[in-house]
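Peer 1: Just dropping this structure here.
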Amino acid sequence: MIKLENVSYTYMKGGPFEKKALDNVSLEVRPGEFIGVIGHTGSGKSTMIQMLNGLLKPSEGRVFIDGTDINDKGVNLRDIRFKVGLVMQYPEYQLFEETVLKDISFGPANMGLPREEVEERARFAANMVGLNDSLLEKSPFDLSGGQKRRAAIAGVLAMEPKILILDEPTAGLDPAGRDEILFKIRDMHKRMNLTVLLVSHSMEDVAKLADRILVMNGGHVEMFDTPDKVFCKSGRLQEIGLNVPQITRVMDRLREAGIDVPGGIYTTGDAY
Ligand code: ADP
């Protein structure tokens, strides 16, 4: 359902600060998969996800959603954006309506749906992210940090996307807020059969939740495999700058779960 074919992207092409952020990326994601996306800062994760709903257009290559090249002439990107919901980092900064309900309703209202359906969708989405009815008439600014984040996610969910992409949805939240959001994402994925792409700095979260992990490195796909296979290559993860204590903790957890994860982390000398 998602397919990138030889996708490259260069920022400020031709200028003195030209930067190739994606370099010949090809990958496919199947319907209903939960994909974790990890990689060092600057490895191209945000650029890659912005390709998926047409916010950025590839400099080279093609992006397909459900078999449609989304950058073809004649494709309405509005339709693609209803299908591919993107929750950017710190989405709560985009809350602006008088009430939480109105904020969550904003997307579906813009889809031209009848008012009753807009409200029904907004209430359903609020329920999915665990915001109870008593909060819906409040100002978004009266919510806690975690509640605001959930309201922002509900706003995307209310458009009933088939694909939900989240860029660091737990950044800046306290541990309870983090766990709540992750639990809700897992729950939505299961109950709504959503395809999820979760970009995260936390390899532990991703290893727990994802069917497959996409490891980005310097603008290309370093690995794209199941968590156990990815963490078998712990030396390589270390080499590309991922956090060693985190890698070690994930490996320990996989081993506790009875999964054979050969190899180890080296704290001195070469990674292998
Ligand atoms: P990540 O999300 O993995 O941190 P990004 O996709 O944000 O990586 O960035 C990939 C590369 O592109 C980095 O070298 C970054 O500095 C560069 N980059 C990102 N956004 C811009 C931009 N708006 N203008 C110029 N360079 C950018």
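Residue numbering for the sequence shown follows numbering that gives the first Met the number 0, starting at 0 and increasing by one per position.
Don't be surprised by glycine CBs; every beta carbon is placed ideally from N, CA and C.
Predicted, not measured: the structure shown is a model, and the values here were computed from it.
Considering His188, what are the terminal residues of the alpha helix (DSSP H) in which it resides?
Peer 2: Sequence index remark: in the sequence shown, residue 188 carries index 189 (1-based). First-last of the alpha helix (DSSP H) with His188: 174-191.
Peer 1: Span of the beta strand (DSSP E) holding Glu59?
Peer 2: For the purposes of this step, residue 59 is identified with residue 60 of the sequence shown, where counting begins at 1. That run of the beta strand (DSSP E) goes 59-64.
Peer 1: Reducing DSSP to helix, strand and coil, say where Thr194 ends up.
Peer 2: As a working mapping, residue 194 is identified with position 195 in the sequence shown. Strand, per DSSP.
Peer 1: Count the C-beta pairs between the segment 254-262 and the segment 218-231 that are closer than 8 Å, then say yes if the count reaches three, no if not.
Peer 2: Judged by Cβ distances under 8 Å, the segment 254-262 makes contact with the segment 218-231, as three or more pairs qualify.
Peer 1: Under 8 Å between the Cβ atoms of His213 and Ile79?
Peer 2: Within the sequence shown, the letter at position 214 stands for residue 213. Within the sequence shown, the letter at position 80 stands for residue 79. Residue identity differs from the one stated: residue 213 is Leu in this sequence, not His. No, they are not a contact pair.
Peer 1: When the Cα of Met158 is compared with those of Met50, Leu172, Val83, which residue comes out closest?
Peer 2: Reading the sequence shown from its first residue, position 159 is the one you call residue 158. Comparing Cα positions, the closest option is Val83.
Peer 1: In terms of residues, what are the limits of the beta strand (DSSP E) holding Thr9?
Peer 2: To locate residue 9, count along the sequence shown from 1; it is residue 10. Start and end: 1-10.
Peer 1: Within the structure, which residues are defined as neighbours of the ligand ADP by a Cβ-heavy atom distance below 5 Å, reported in chain order?
Peer 2: In chain order, the hits are Tyr10, Lys18, Ala20, Thr40, Gly41, Ser42, Gly43, Lys44, Ser45, Thr46.
Peer 1: Would you check if the segment 119-129 and the segment 51-64 touch, i.e. whether three or more CB-CB distances between them fall below 8 Å?
Peer 2: They do not touch, by the three-pair rule.
Peer 1: Considering only C-alpha positions, which residue in the set Leu51, Met187, Ser199, Asp251 is nearest to Ala3?
Peer 2: The sequence position of residue 3 within the sequence shown is 4, counting from 1. Note that residue 3 corresponds to Leu in the displayed sequence, not to Ala. If we check each option's Cα against that of Leu3, Leu51 comes out closest.
Peer 1: With three or more C-beta pairs closer than 8 Å as the rule, is the segment 15-24 touching the segment 201-221?
Peer 2: Output reads yes: the segment 15-24 touches the segment 201-221.
Peer 1: With burial defined as no fewer than 16 other Cβ atoms inside 10 Å of the residue's Cβ, what is the status of Tyr8: buried or exposed?
Peer 2: In the sequence shown, residue 8 corresponds to position 9, counting from 1. Answer is buried; the Cβ neighbour count reaches 16.
Peer 1: Between which two residues does the beta strand (DSSP E) containing Arg211 stretch?
Peer 2: Against the sequence shown, residue 211 aligns to sequence position 212. Where Arg211 is concerned, the enclosing beta strand (DSSP E) stretches over 211-216.
Peer 1: Are the segment 87-94 and the segment 59-69 touching, with three or more C-beta to C-beta distances below 8 Å?
Peer 2: Result no; under three Cβ-Cβ pairs closer than 8 Å.
Peer 1: When the distance is taken between beta carbons, is Thr194 closer than 8 Å to Met290?
Peer 2: The structure shown does not extend to residue 290, since the chain is modelled only from 0 to 271, so the question has no answer here.
Peer 1: Exposed or buried, which one is Gly73 when buried takes at least 16 other CB atoms within 10 Å?
Peer 2: As a first step, residue 73 is located in the sequence shown; it is residue number 74 there, counting from the start. Exposed, by the Cβ-count rule.
Peer 1: So Pro168 and Arg148 are in contact, right, with Cβ under 8 Å, and what is the actual spacing, rounded?
Peer 2: As a first step, residue 168 must be located in the sequence shown, where it is residue number 169. As a first step, residue 148 must be located in the sequence shown, where it is residue number 149. Rounded, the Cβ-Cβ distance is 7 Å, consistent with contact.
Peer 1: Given that a residue counts as buried once 16 or more other Cβ atoms are within 10 Å of its Cβ, and exposed if not, what is Gly144?
Peer 2: Your numbering for residue 144 matches position 145 in the sequence shown. Looking at its Cβ environment, which holds fewer than 16 other Cβ atoms inside 10 Å, Gly144 is exposed.
Peer 1: From Gln93 to Asp102, what distance separates their C-alpha atoms?
Peer 2: Position 94 of the sequence shown, counted from the first residue, corresponds to residue 93. Position 103 of the sequence shown, counted from the first residue, corresponds to residue 102. Gln93 and Asp102: Cα-Cα distance of roughly 9 Å.
Peer 1: Could you check where the alpha helix (DSSP H) with Gly144 kicks off and where it finishes?
Peer 2: As a first step, residue 144 must be located in the sequence shown, where it is residue number 145. 144-156 is the extent of the alpha helix (DSSP H) around Gly144.
Peer 1: Just tell me which of Val205, Asn131, Leu253, Leu100 has its CA closest to the CA of Val117.
Peer 2: As a position in the sequence shown, residue 117 is number 118, starting the count at 1. Comparing Cα positions, the closest option is Leu100.
Peer 1: Near Asn5, which residues of its chain fall below 6 Å by C-beta distance, leaving aside the five closest residues on each side in sequence?
Peer 2: Residue mapping note: residue 5 aligns to position 6 of the sequence shown, counting from 1. Hits under 6 Å: Asn23, Ser25, Gly60.
Peer 1: At which residues does the alpha helix (DSSP H) containing Met47 begin and terminate?
Peer 2: Position 48 of the sequence shown, counted from the start, is the residue given in the question as residue 47. Start and end: 44-50.
Peer 1: To the nearest angstrom, report how far apart Val243 and Ile162 are at their CA atoms.
Peer 2: Within the sequence shown, the letter at position 244 stands for residue 243. Within the sequence shown, the letter at position 163 stands for residue 162. C-alpha separation (whole angstroms): 31 Å.
Peer 1: Consult DSSP for Phe16 and reduce its assignment to one of helix, strand or coil.
Peer 2: Numbered from 1 along the sequence shown, position 17 holds the residue referred to as residue 16. Three-state DSSP puts Phe16 in coil, outside helix and strand.
Peer 1: Where DSSP assigns a beta bridge to Asp166, which residues make up the other side?
Peer 2: Residue numbering aside, residue 166 sits at position 167 when the sequence shown is read from its first letter. The partner list for Asp166 (beta bridge, DSSP) reads Val198.
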